[in-house]
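Okay, so here's the structure we're looking at.
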Amino acid sequence: MNLKAVAAAAILAAGALPVCAHAADLEGVPRYDHVFIIVEENKDYDQILNPAVAPNIAGLAAQYGNAANFWGEVHPSEANYVAMLGGDTFGIHDDDAFYCNAESVDKFCGGAKTPGYPDHTIRTKHLGDQLLAKGLSWKGYYESIPEPGSSVVIAGDPKATNGMHDAPLYAAKHSGFMNFADVQKDPKRAERIVGFDQLEADLKTSQLPTFALIVPNQCNEMHGVHVEGAPADCDKTEGLIRRGDAYTGELVRKLQASAAWKAKGNMAIVITFDEGAGGSRGGCCGVTPEAPSNYGGGHIPTIVITNHGPKGLKDPTAYNHYSLLRTLEDAFGISEHLGHAAETNKGVKAMAPLFAVGR
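Take a look at the structure:
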């Protein structure tokens, strides 16, 4: 037996290595076969982590992993979705369309004449690019998107005969991926930017991607729409939370019924929010309080549900979407960290305790 083999045998005999550890682990985050992020909207931590108000999400937080000190980057929504995929808000601090720039006159580019207005099409790498470079797969599942790969800004219910027909049920500002130039130009975009019908099909056939961003429509993600004909629980905060909580609970149950969840490989379901309610402020970990696009978007719920990981863990470490991106990169064996996800000197840490697996 050579010296390396002898050393390895000695370490194993001493019990120094956990059963599930392997050389590909990065920063204490084990490799994951699948991670799915469900994104909800505009609620503070204390609004959701109350079993009387949101029994499904609060119950999952108690049963699995609760990132109890997690923060958004900015208000309003769009830049937070971009941040969790690209590691930066790229100067965006509005909800204008993904194609807008300083010269735009489009109705969906209302802030275009504001000094310093950023290009909302981002020409840099994102998590999807990193995954493809590793031979891994990604999808964005968007409820109420009118067709796969659609480039519409908003879409309502085509069957409705009231204001819901043109209501912004699907909203590209909640896409994240569509802000990136290479996604806009991707010949396979219709395979990767898809609807919830495709999610159902992929669950049924066990053809799930390595990573997925799952975004319910604005009635079901706690954002709400305010139009004639909108259901009461799509228009008022209390009803929105009840509706979104029930919907999220059902999504989690469907994912947990999948073959991927029951397999030996690691799978995680993350429930997070884009930002806190209203004008809630505060942030951590790579945010810059003086920057209008990165000043801190409030204290938000983030729950990590794993098939082989911790149960009943409440992690008090300060995290944000940059931390989540860093963790995803680690979980997929990607040593490169994008943008602020690389800024350990500013407190950005991998969410290792919440993604640890059985030892």
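FYI, this note's numbering numbers position 143 of the sequence shown as 143, with every residue one higher than the one before it. Even for Gly, the Cβ is constructed at its ideal location relative to N, Cα and C.
Assign residue i to buried or exposed, taking buried as 16 or more other Cβ atoms, counted over all protein chains shown, within 10 Å of its Cβ.
| i | result |
| --- | --- |
| T306 | buried |
| N50 | exposed |
| A257 | exposed |
| V105 | exposed |
| Q198 | buried |
| D88 | buried |
| D46 | exposed |
| T327 | buried |
| T114 | exposed |
| K159 | exposed |
| E228 | exposed |
| K107 | exposed |
| N134 | Residue identity check: residue 134 is Lys in the sequence provided, not Asn. Result: exposed. |
| T237 | exposed |
| S293 | buried |
For residue i, I'd like the list of residues in its chain whose CB is within less than 7 Å of its CB, leaving aside the five on either flank, ordered along the chain.
| i | result |
| --- | --- |
| A342 | none |
| A401 | This structure gives no information on residue 401, because the portion of the chain shown stretches from 1 to 359. |
| N220 | E143, R243, G244 and Y247 |
| A232 | G239 |
| N217 | E143, S144, L169 and Y170 |
| K139 | R192, V194, P209 and A212 |
| H75 | E275, G279 and G297 |
| A102 | A112 and Y117 |
| K311 | Q63 and Y64 |
| V153 | A97, F108 and A172 |
Who are residue i's beta bridge partners in DSSP?
| i | result |
| --- | --- |
| M164 | According to DSSP, which records beta bridges pairwise, M164 is partnered with nothing at all. |
| Y247 | For Y247, which the question treats as bridged, DSSP gives no partner whatsoever. |
| A67 | D315 |
| H299 | W71 |
| D48 | According to the sequence displayed, residue 48 carries Ile and not Asp. The partner list for I48 (beta bridge, DSSP) is empty, contrary to what the question assumes. |
| M267 | H34 |
| V304 | G65 and V270 |
| Y170 | A155 |
| G140 | I193 and L213 |
| F180 | I122 |
| N345 | In the DSSP output, where bridge partners are listed per residue, N345 has none listed. |
| E221 | Answer is none; E221 lacks a bridge partner. |
| V39 | T272 |
| L255 | None; L255 has no bridge partner. |
| L401 | The displayed coordinates of the chain run from 1 to 359. Any statement about residue 401 would go beyond what the structure contains. |
| N320 | W71 |
With residue i and residue j assumed to form a contact (beta carbons below 8 Å), what rounded beta-carbon distance in angstroms separates them?
| i | j | result |
| --- | --- | --- |
| H93 | A112 | So it is not a contact: roughly 13 Å between Cβ atoms. |
| V29 | A350 | 5 Å |
| A167 | V215 | That belief does not hold up - the Cβ atoms of A167 and V215 are roughly 16 Å apart, past 8 Å. |
| G265 | R281 | Rounded, the Cβ-Cβ distance is 40 Å, inconsistent with contact. |
| H223 | E41 | 4 Å |
| A356 | G309 | 6 Å |
| L255 | D315 | That belief does not hold up - the Cβ atoms of L255 and D315 are roughly 21 Å apart, past 8 Å. |
| A331 | V53 | Going by Cβ atoms, the distance from A331 to V53 rounds to 31 Å, so no, they are not a contact pair. |
| L338 | G86 | 6 Å |
| K43 | F273 | 6 Å |
Once the 5 residues before and after residue i are set aside, which same chain residues still bring their CB inside 8 Å of it?
| i | result |
| --- | --- |
| C284 | N69, W71, G296, A318, Y319, N320 and G347 |
| P289 | G283, Y295 and G296 |
| L132 | W138 |
Give every residue of the same chain whose Cβ lies closer than 6 Å to the Cβ of residue i, excluding the five residues on either side of it in the sequence, and list them in chain order.
| i | result |
| --- | --- |
| D37 | Going by the sequence as given, residue 37 is Ile instead of Asp. Same-chain partners within the cutoff: L213 and V270. |
| L26 | D330 |
| I48 | A54, I57 and P301 |
| L313 | G65 |
Stretch pair the region 62-73 + the region 319-326: three plus CB contacts closer than 8 Å: In short, these stretches touch, since the Cβ pair count reaches three.
The region 291-306 touching the region 55-63, judged by at least three CB pairs closer than 8 Å: Cβ pair count under 8 Å is three or more, so yes.
Cβ pair count under 8 Å reaching 3, the region 84-100 against the region 114-121: Yes: at least three Cβ pairs fall under 8 Å.
Three-pair Cβ contact test at 8 Å for the region 124-141 versus the region 174-188: A contact exists between the region 124-141 and the region 174-188.
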